[in-house]
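Its first residue numbered 1, the sequence shown is counted upward by one per residue in our numbering. What follows is a short report on a single structure.
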Amino acid sequence: MDYNQEQKQDRKTLLWAALAVLLLLNLVLVYFIYHEKQENLAKDEIITAKTEEVLSIKTKLDSISEELDVKIAEIQKLGGSVDSLIALKAQLEKDKKELKNASTYSAANYNKKIKSYESVLAEKDGEIAKLREELGIATSKNEELNQKVTGLESEKQQLADSVVNYSVQNKELSEKVNIASALRAENLTVNAVSAKGKEREGGKYKAKRIDKLRVNFKLGENAVAKQNEKEIFLRILDPDGAVLSDMATGSGSFMMNGKELIYSSKQSVTFNNTGQSVDIFYGRGGIPLKDGKYTIEVYSEGFKIGQGDFTVK
């Protein structure tokens, strides 16, 4: 073999050697890539499993939290104490927040806490059942008391209705008695008295001959009326409806059905139920009377007890 052929053979050998080394390197690279991929897959599986585990624990804690809310509301409604449950709810919320902290997370610890919470909820179910039973007994007693109270209230209402009826009847009777006891001014006449004291009768008078008016009537007998001093008010209305009055000579006002009325003159009389005669005088005070028809009204004890009229011409 000559020198050139040896060189060609050496280069060929080197080429195959390089190819072998390159192939080996590729195999090593493929191995490492495959190994790393397997490790990443394993890590992903671990992370996925842990995530699912955390989500499962969080779901259980959320469920327990909702049950606690229900138990707290129900026990409060039944009148029981919920202080321990409120404290437990605060601890549970704290656990839910710490669940996000990977450095302190422990599935075993959380499962232990979950069992503890579930145990408390089971105990509270028994407490709720006992409270319901006690409340049922109390409700039964309350029903009996309510029935008794209802019966008493019914009796009370009936009694109140009776009292109201009696009051209405008494009021009606009192009003009837009051009306029956009203005085009556009978046979009312109006005479004109001149300045010289001469008295004229008949009901029709000339204005210049009237210095005073004498109104006379009899108080009708009334066995129901009290025999005591009665105040009698006289109102004289001119043709225009105005009341003749002179405060300087004894006129004034009195109340009638809540309304203030002016009176011309008044007289106090001791009623003796004998048909007694009463005179009430009114002086015109120097003021001439206008022509026309005048109306006389007599009042006593809140009633209009008589009326009449006379004419000035």
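Think of the CB as a built atom: it goes at the ideal place given N, C-alpha and C, for glycine as much as any other residue. If you're wondering where the values come from, they're calculated on a predicted model, not measured in any experiment.
#1: Assign Asn187 to one of three DSSP states: helix, strand, or coil.
#2: Ile33: buried (16+ other C-beta within 10 angstroms of its C-beta) or exposed?
#3: Out of curiosity, what's the CA-to-CA distance linking Ile287 and Arg184?
#4: How about the segment 291 to 310 and the segment 247 to 261: do they share at least three Cβ pairs that are nearer than 8 Å?
#5: Pick from Ala182, Lys208, Leu14: whose alpha carbon is nearest that of Ala192?
#6: Taking Glu98 as part of the beta strand (DSSP E), name the residues at either end of that continuous run.
#7: Which residue from Leu68, Lys218, Thr189, Leu289 puts its Cα closest to that of Asp309?
#8: Once the 5 residues before and after Gln76 are set aside, which same chain residues still bring their CB inside 8 Å of it?
#9: For Ala282, is the classification buried or exposed, using 16 other Cβ atoms within 10 angstroms of its Cβ as the cut-off for buried?
#10: Can you tell me whether Lys124 is buried or exposed, with buried defined as 16 or more other CB within 10 angstroms of its CB?
#11: Alpha carbon to alpha carbon, how far is Gly126 from Val120? Give it in angstroms, no decimals.
#12: Is Asn222 helix, strand or coil by DSSP?
#13: Going by DSSP, name the residue or residues bridged to Ile232.
#14: Compute the distance between the beta-carbons of Asn272 and Gln307, then report whether it is under 8 Å.
#15: Whose CA, out of Lys60, Gln9, Leu19, Ser265, lies closest to the CA of Lys115?
#16: Starting from the Cα of Ala87, find the closest Cα among Asn101, Glu74, Leu55, Ser65 and give me that residue.
#17: By a C-beta neighbour count over all protein chains shown, 10 Å radius and 16 as the cutoff for buried, is Ser264 buried or exposed?
#18: Would you mind working out which of Lys196, Val28, Asn187 sits nearest Val215, comparing C-alpha positions?
#19: Does any CB atom of chain B fall closer than 8 Å to the CB of Ala90?
#20: Do Leu234 and Ile280 come within 8 Å of each other at the CB atom, strictly closer than that value?
With the given structure in hand:
#1: strand
#2: exposed
#3: 31 Å
#4: yes
#5: Lys208
#6: If you look at Glu98, you'll find it isn't in any beta strand (DSSP E); it sits in the alpha helix (DSSP H) that goes 83 to 98.
#7: Thr189
#8: Val82
#9: According to the sequence provided, residue 282 is Tyr. The question's Ala does not apply to it. Classification for Tyr282: buried.
#10: buried
#11: 10 Å
#12: Coil at Asn222, not helix or strand.
#13: For Ile232, which the question treats as bridged, DSSP gives the partners Gln267, Ser300.
#14: no
#15: Lys60
#16: Ser65
#17: By the neighbour-count rule (16 or more Cβ atoms within 10 Å), Ser264 is buried.
#18: Asn187
#19: Absent here is chain B; the protein component of the structure consists of one chain.
#20: yes
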